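Asks: Residue 1 is where the sequence shown starts when you use UniProt numbering, and the numbers rise one by one after that.
Note that CB positions come from ideal geometry on N, CA and C, so glycine has one too.
Computed from a predicted model, the values in this text were never measured in an experiment.
Handing you a structure now.
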Amino acid sequence: MDQGLHGDVQVERILVYSFLKNCHNCDFSKELDSLRSEVMVSPSKNFLSVEFDDGELQTDGNRSGRFQNGEPGSVVDEAIFQLIGARLAEIGDQVAREIDQRVVNDLVQQFVNENLTKEEIMRRLSNTVEGLMRTVPLEMDREKAMLVLAMVLARTVANKMPSLLYRVFNTTVNYINQNLHNYVINLG
């Protein structure tokens with residue numbers, strides 16, 4: 001299981017997965033479906049421990065419930081972070097139009113380079129987000145802009161090269177966990 005500076009990364013996994021799932025006309029849906037079993041709550045995976053499950057089936061076909069996020073006293077409602085990811089995807093659709101495709105192509109090449117360590121790839125993603133923060137005018141707070149940009153970059157890279165989805169997904173989750181964990185938790 002991926003552990004970042006802030007422990008369990010399940011909230012970030014749910015958020016990024018939901019963001020990617022709400023991509024229209026994306027070429028990585030098959031790869032995303034294979035990722036689903038790793039991302040969504042599964043008691044056997046020990047990502048989030050079930051605090052309760054009333055057994056009711058929700059309109060989306062999922063069971064209701066709240067989950068511990070690995071932090072004492074913290075309870076996370078998976079559906080909330082799915083909804084937040086979907087809403088951020090709508091914002092991401094607008095932001096994506098502002099990103100120069102050369103920036104995306106450069107990042108694709110970084111992810112393709114298997115000689116780069118996970119840390120180096122994350123550093124390059126971070127540098128790309130920071131560069132876009134300076135060049136793309138976003139009328140939102142800094143943390144939200146960083147979050148949206150990181151997920152838009154993940155989506156755009158995965159759309160250009162679906163085989164990179166797993167690596168892009170994990171890098172983005174770890175980037176968000178290490179840089180924006182408290183912000184993400186507060187969104188819920």
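1. Is it a yes or a no for the segment 97 to 108 touching the segment 31 to 41, going by three-plus beta-carbon pairs under 8 Å?
2. By alpha-carbon positions, which one of Val152, Leu116, Ile121 and Gln10 ends up nearest to Met133?
3. Tell me whether Asn174 is buried or exposed, calling it buried when 16 or more other Cβ atoms sit within 10 Å of its Cβ.
4. Which same chain residues, not among the five before or five after Gly188, have their C-beta less than 8 Å away from its C-beta?
5. Given this structure, state the Cα-to-Cα distance separating Arg36 from Leu107, to the nearest angstrom.
6. Using the rule of at least 16 other Cβ atoms within 10 Å of the residue's Cβ for burial, across every protein chain shown, is Asn127 buried or exposed?
7. Once the 5 residues before and after Val136 are set aside, which same chain residues still bring their CB inside 6 Å of it?
8. How far does the alpha helix (DSSP H) with Thr172 in it reach, from first residue to last?
9. Look up Val9 in the DSSP assignment and say whether it is helix, strand or coil.
10. Along the chain, which unbroken stretches of the alpha helix (DSSP H) at least 4 residues long are found entirely within the segment 94 to 169?
11. By Cβ distance, which residues of its chain are closer than 8 Å to Pro162, with the 5 residues on each side in sequence left out?
12. Excluding the 5 residues flanking Ala145 on each side, which residues of the same chain have their C-beta closer than 7 Å to its C-beta?
13. Can you tell me which of the three DSSP states Gly27 falls into?
14. Spatial neighbours of Val95 within its chain, please: C-beta separation below 6 Å, excluding the five flanking residues on both sides.
Replies: Quick answer:
1. Contact fails: fewer than three Cβ-Cβ distances are below 8 Å.
2. Met133 has its Cα closest to that of Val152, out of Val152, Leu116, Ile121 and Gln10.
3. By the 10 Å Cβ count, Asn174 comes out buried.
4. Contacts found: Val11, Val76, Asp77, Ile80, Phe81 and Ile84.
5. Cα to Cα, the separation comes out at about 24 Å.
6. Counting other Cβ atoms within 10 Å of its Cβ, Asn127 stays below 16 and is therefore classed as exposed.
7. The residues Glu98, in chain order, have a CB closer than 6 Å to that of Val136 in the same chain once the five nearest residues on each side in sequence are set aside.
8. Per DSSP, Thr172 belongs to the alpha helix (DSSP H) from Leu165 to Leu187.
9. Coil.
10. You should have 101 to 112, 118 to 135 and 142 to 160.
11. Within the same chain, and ignoring the five residues on either side of Pro162 in sequence, the residues whose Cβ sits closer than 8 Å to its Cβ are Asp27, Phe28, Lys30 and Glu31.
12. Cβ neighbours of Ala145 beyond the five flanking positions: Met133 and Leu138.
13. One detail in the question is off: residue 27 reads as Asp in this sequence, not Gly. Coil at Asp27, not helix or strand.
14. Once the five neighbours on either side are set aside, the close Cβ partners of Val95 are Val148 and Val152.
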